[in-house]
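Asker:
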Amino acid sequence: MDATALERQHRRIGRLKAQGIVRSQVLVHHQCKTTLEGLRPFLLDPIKAKQLELLTLKIQSGTKPINVAQVRQLSPLRYPGGKTWLVPEVRNWLMLAKRKPAVLVEPFAGGAMVGLTAAAEDLADKVFLAELDDDVAALWKIIFHGSAAEVTWLRNSITSFKVNLDNVRDVLAKDTQETKARAFRTIVKNRMQRGGIMAAGAGLVKSGEAGRGLHSRWYPETLGKRIDALRTLKDRITFEHGDAFEVIRRFASDSKAAFFIDPPYTAGGKKAGNRLYTNNEIDHEGLFALMSKVRGIAMLTYDDTPEVRKLAKHHGFRIVEVPMKNTHHAIIRELLVMKP
Ligand SMILES: C[S@@+](CC[C@H](N)C(=O)[O-])C[C@H]1O[C@@H](n2cnc3c(N)ncnc32)[C@H](O)[C@@H]1O
Numbered sequence: 000m001d002a003t004a005l006e007r008q009h010r011r012i013g014r015l016k017a018q019g020i021v022r023s024q025v026l027v028h029h030q031c032k033t034t035l036e037g038l039r040p041f042l043l044d045p046i047k048a049k050q051l052e053l054l055t056l057k058i059q060s061g062t063k064p065i066n067v068a069q070v071r072q073l074s075p076l077r078y079p080g081g082k083t084w085l086v087p088e089v090r091n092w093l094m095l096a097k098r099k100p101a102v103l104v105e106p107f108a109g110g111a112m113v114g115l116t117a118a119a120e121d122l123a124d125k126v127f128l129a130e131l132d133d134d135v136a137a138l139w140k141i142i143f144h145g146s147a148a149e150v151t152w153l154r155n156s157i158t159s160f161k162v163n164l165d166n167v168r169d170v171l172a173k174d175t176q177e178t179k180a181r182a183f184r185t186i187v188k189n190r191m192q193r194g195g196i197m198a199a200g201a202g203l204v205k206s207g208e209a210g211r212g213l214h215s216r217w218y219p220e221t222l223g224k225r226i227d228a229l230r231t232l233k234d235r236i237t238f239e240h241g242d243a244f245e246v247i248r249r250f251a252s253d254s255k256a257a258f259f260i261d262p263p264y265t266a267g268g269k270k271a272g273n274r275l276y277t278n279n280e281i282d283h284e285g286l287f288a289l290m291s292k293v294r295g296i297a298m299l300t301y302d303d304t305p306e307v308r309k310l311a312k313h314h315g316f317r318i319v320e321v322p323m324k325n326t327h328h329a330i331i332r333e334l335l336v337m338k339p
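Heads up, the sequence shown is in numbering that gives the first Met the number 0, so the first residue is 0 and it goes up one at a time.
#1: Counting only runs that start and end within the segment 121-162, where is the beta strand (DSSP E) found for 3 or more residues in a row?
#2: What's the C-alpha gap between Lys161 and Asn155?
#3: For Tyr264, which of Ile236, Ser254, Leu299 has the nearest alpha-carbon?
#4: Could I get the ranges of all uninterrupted beta strand (DSSP E) runs contained in the segment 6-53, with 3 residues as the minimum, in chain order?
#5: In terms of alpha-carbon separation, which member of Arg332, Glu284, Arg90, Thr175 lies closest to Glu306?
#6: Quick one: what's got a C-beta closer than 8 angstroms to Thr34's C-beta in the same chain, skipping five residues either side?
#7: Under 8 angstroms Cβ to Cβ from Ser417, same chain only, skipping five residues before and after it: list those, please.
#8: Are there any heavy atoms of ligand 1 lying less than 6 angstroms away from the beta-carbon of Lys82, as far as the coordinates show?
#9: What's the C-alpha gap between Ala48 and Pro40?
#10: List the whole-angstrom C-beta distance separating Asn278 from Leu131, where the pair is believed to meet the contact cut-off of C-beta under 8 angstroms.
#11: Please work out which residues of its chain come closer than 7 angstroms, Cβ to Cβ, to Leu115, disregarding the five sequence neighbours upstream and downstream, and give them in chain order.
#12: Within 10 angstroms of the Cβ of Asn189, are there 16 or more other Cβ atoms? Answer buried if so, exposed if not.
#13: Helix, strand or coil for Lys312? Go by DSSP, reduced to three states.
#14: Given a cut-off of 7 angstroms, decide if Ala199 and Phe258 are closer than it, judged by their beta-carbon atoms.
#15: When you measure from the CB of Gly109 to every non-hydrogen atom of ligand 1, does any distance come out below 6 angstroms?
#16: Is it buried or exposed for Ala17, if we count other Cβ within 10 angstroms and need 16 for buried?
Spelled out as structure tokens, the structure:
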């Protein structure tokens with residue numbers, strides 16, 4: 000290249016740089032090369048950045064609806080309304096965040112699927128879980144803040160438990176304030192009550208899987224292994240038995256916090272949360288207002304109702320629809336309400 004051509008090229012590179020366009024080298028498989036060539040014009044256009052990001056998200060999570068049965072389980076609780084199926088979306092959300100969150104806050108923890116995954120996969124430096132339900136709280140307290148002796152007691156109680164109707168009824172009827180005994184009762188309640196429903200008075204599992212009755216959801220070895228695995232994460236996870244609103248307020252000014260919000264949803268006339276949890280009265284309007292003020296990033300998950308869409312719009316959130324296949328193989332739509 001002669002001196003004039005070289006100078007012309009330098010000027011061109013300078014002009015492009017001023018427009019925000021820089022040179023970048025990528026490794027590409029020959030089978031993907033044509034696609035990459037086709038993408039070239041879009042890569043120069045800043046308006047296409049969001050679309051490309053969404054495309055990446057789609058490729059990463061697969062375009063098919065998420066299937067609940069295909070996600071690895073970490074929680075010892077089978078939680079009604081549990082968000083195991085949402086894990087791939089959450090993973091993408093946290094990985095594509097501008098920076099790794101210093102803390103992932105999950106203030107309506109329940110089975111805590113998202114928080115546990117974030118801790119296990121190092122998607123955030125720390126995880127902060129909160130839950131109001133006394134029984135669920137007792138379990139998390141023992142796992143993350145209990146002594147080694149308490150965890151061993153819990154594990155042994157699970158593995159030595161003889162499952163029959165009398166024993167199950169005895170455990171459920173026990174009125175105990177002791178945290179470790181309460182933690183054990185939570186596991187039994189969650190496994191033996193129909194659908195894992197944690198509210199008092201739910202019926203017991205009847206014929207269950209393959210007609211095995213009360214045994215059908217009782218996998219003592221698996222439960223023990225999950226508890227051991229979670230215990231190894233205890234330095235990354237803080238659990239608090241408390242109110243979600245108070246916890247959100249505490250982290251509101253932290254720009255490095257990420258919030259995963261999965262409240263019991265009882266608004267919009269669809270009383271999905273009513274029978275499932277002991278604590279199901281939530282001021283959703285207040286929650287949206289509070290979340291609109293936090294400085295960190297946030298993902299809220301809700302049923303798709305006009306009321307939720309209205310609240311999201313009013314408070315300036317972004318809405319993403321996620322198709323999912325539930326346990327009955329029906330495809331349903333969930334709304335992710337996102338900030339920013
Ligand atoms: C939809 S569930 C969360 C399920 C969870 N995402 C999972 O994957 O298992 C909502 C949870 O919020 C809890 N909850 C209700 N009101 C609360 C409050 N004010 N503060 C904290 N937790 C609350 C309920 O007890 C319930 O466990």
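Beta carbons: idealized from backbone N, C-alpha and C, even for Gly.
Everything numeric in this text was worked out from a predicted model, so none of it was measured.
Answerer: On the basis of the supplied data:
#1: Those beta strand (DSSP E) runs which fall completely within the segment 121-162 and span 3+ residues are 125-130.
#2: Start at 1 with the first residue of the sequence shown, and residue 161 comes out as number 162. Start at 1 with the first residue of the sequence shown, and residue 155 comes out as number 156. Roughly 12 angstroms separates the two Cα atoms.
#3: If you number the sequence shown from 1, residue 264 lands on position 265. Considering only Ile236, Ser254, Leu299, the residue with the shortest C-alpha distance to Tyr264 is Leu299.
#4: none
#5: Numbered from its first residue, the sequence shown carries residue 306 at position 307. The shortest C-alpha separation from Glu306 is found at Glu284.
#6: Translated into positions along the sequence shown, residue 34 becomes position 35. If we look at Thr34 and ignore the five residues flanking it on each side, it has no Cβ neighbours.
#7: Any property of residue 417 remains undetermined from this structure, which presents the chain solely from 0 to 339.
#8: Walking along the sequence shown from the start, residue 82 turns up at place 83. Yes, ligand 1 has a heavy atom inside 6 angstroms of this Cβ.
#9: Within the sequence shown, the letter at position 49 stands for residue 48. Within the sequence shown, the letter at position 41 stands for residue 40. Distance between the alpha carbons of Ala48 and Pro40 is about 12 angstroms.
#10: Here residue 278 is taken as the residue at index 279 of the sequence shown, counted from 1. Here residue 131 is taken as the residue at index 132 of the sequence shown, counted from 1. With a Cβ gap of about 5 angstroms, Asn278 and Leu131 count as contacting.
#11: Walking along the sequence shown from the start, residue 115 turns up at place 116. Excluding sequence neighbours, Leu115 sits near Leu73, Ser74, Leu229.
#12: Residue numbering aside, residue 189 sits at position 190 when the sequence shown is read from its first letter. It counts as buried.
#13: As a first step, residue 312 must be located in the sequence shown, where it is residue number 313. Residue state, collapsed to three classes: helix.
#14: Within the sequence shown, numbered from 1, the residue matching residue 258 stands at position 259. Within the sequence shown, numbered from 1, the residue matching residue 199 stands at position 200. Not closer than 7 angstroms, so no.
#15: Numbered from 1 along the sequence shown, position 110 holds the residue referred to as residue 109. Yes, since a heavy atom of ligand 1 falls inside the 6 angstroms radius drawn around the Cβ of Gly109.
#16: Residue 17 sits at position 18 when you count from the first residue of the sequence shown. Its Cβ having fewer than 16 others within 10 Å, Ala17 is exposed.
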